[in-house]
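> So that we are looking at the same thing, I have put the structure below in structure tokens.
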Amino acid sequence: MPKYSIHINGKVHDVDALEDMPLLWVLRDILGMKGTKFGCGKALCGACTVHLDDTAVRSCSVPVSAVGQGKVTTIEGLSEEGDHPLQQAWKKYIVPQCGYCQTGQIMNAAALLKGNPAPSEAQIEQAMQGNLCRCGTYNRIKQAIQSVTAGKLDNSAKEN
Ligand code: FES
Ligand code: FES
Numbered sequence: 001m002p003k004y005s006i007h008i009n010g011k012v013h014d015v016d017a018l019e020d021m022p023l024l025w026v027l028r029d030i031l032g033m034k035g036t037k038f039g040c041g042k043a044l045c046g047a048c049t050v051h052l053d054d055t056a057v058r059s060c061s062v063p064v065s066a067v068g069q070g071k072v073t074t075i076e077g078l079s080e081e082g083d084h085p086l087q088q089a090w091k092k093y094i095v096p097q098c099g100y101c102q103t104g105q106i107m108n109a110a111a112l113l114k115g116n117p118a119p120s121e122a123q124i125e126q127a128m129q130g131n132l133c134r135c136g137t138y139n140r141i142k143q144a145i146q147s148v149t150a151g152k153l154d155n156s157a158k159e160n
């Protein structure tokens, strides 16, 4: 079985995996990093979103052999103490319901803000529309992102 050395969250992990094993399988089943979720397995829901060199990708559909020397960031590596501004905003706006989709939502939002620190409402909606939430937390997700893009976390969290 081929060996791959993958950069994840600032460390190199050596893994044995078939070349077509999805990165999501490597993260969850080989490395035990369970923050990234399996939803559809077909690049349709966004639950498995991680960053590959700062770009949001769907790890269920990225074969381990395609990662190469790319730098992977998962929700576990987004911030040292779980205090990325988006994570703070998620708490403030009480965004999660069941929570299942939320790591993918945060990782997708974080990639958006890296490329565009001040997206318009329309740009936020467009960037986030492919990340599905069965609990319907879309309004709170948008509010949380907007609180970060406004440069501060305001104190007036609104209800959906
Ligand atoms: S599990 Fe990857 S997009 Fe749904
Ligand atoms: S919070 Fe339940 S699926 Fe999004």
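Under UniProt numbering, the first residue of the sequence shown is numbered 1, with each subsequent residue one higher.
Cβ coordinates follow ideal geometry from the N, Cα and C atoms, glycine included.
Keep in mind the model is a prediction, meaning the values are calculated, not measured.
#1: Could you name the residues whose beta carbon sits closer than 6 Å to any heavy atom belonging to ligand 2, keeping them in chain order?
#2: Within the continuous alpha helix (DSSP H) that includes R140, where are the two ends?
#3: Which of the three DSSP states is assigned to T103 in this structure?
#4: Return yes when the C-beta of G46 is under 8 Å from any heavy atom of ligand 1, and no when it is not.
#5: Among the residues of its own chain, which have a CB less than 8 Å from the CB of K37, if the five just before and after it don't count?
#6: Does the beta-carbon of I6 have 16 or more other beta-carbons within 10 angstroms, so that it is buried, or is it exposed?
#7: So if DSSP puts M16 in a beta bridge, which residue, or which two residues, is it bridged to?
#8: When you measure from the CB of residue 180 to every non-hydrogen atom of ligand 1, does any distance come out below 8 Å?
#9: Given a threshold of 16 other Cβ atoms within 10 Å of its Cβ, counted over all protein chains shown, does N108 qualify as buried or as exposed?
#10: Just how far apart, CA to CA, sit A43 and G151?
#11: Could you name each continuous alpha helix (DSSP H) segment of 4 residues or more that falls completely within the UniProt domain "2Fe-2S ferredoxin-type" (2 to 78), going from the start of the chain to the end?
#12: Pick helix, strand or coil for K92, following the three-state DSSP scheme.
#13: Please classify E121: does DSSP put it in a helix, a strand, or coil?
#14: Compute every distance between the C-beta of T55 and the non-hydrogen atoms of ligand 1, then say whether any falls below 8 Å.
So, from the data block:
#1: Result: P96, Q97, C98, G99, Y100, C101, Q102, C133, R134, C135, T137.
#2: According to the DSSP assignment, R140 belongs to the alpha helix (DSSP H) that extends over 138 to 149.
#3: Residue state, collapsed to three classes: helix.
#4: G46: yes, Cβ under 8 Å from ligand 1.
#5: Taken in chain order, the residues that qualify are A47, C48, Y100, C101, T103, G104.
#6: Result: buried.
#7: Sequence check: residue 16 is Asp here, not Met. DSSP lists K3 as partners of D16.
#8: In this structure the chain extends from 1 to 160, so residue 180 is not present and cannot be described.
#9: Answer is buried; the Cβ neighbour count reaches 16.
#10: Each residue's Cα considered, the two are about 32 Å apart.
#11: You should have found no qualifying run.
#12: DSSP, reduced to helix, strand and coil, places K92 within a helical segment of the structure shown.
#13: In this structure, E121 counts as helix in the three-state DSSP scheme.
#14: No; taking the cut-off as 8 Å, the Cβ of T55 has no heavy atom of ligand 1 nearer than that.
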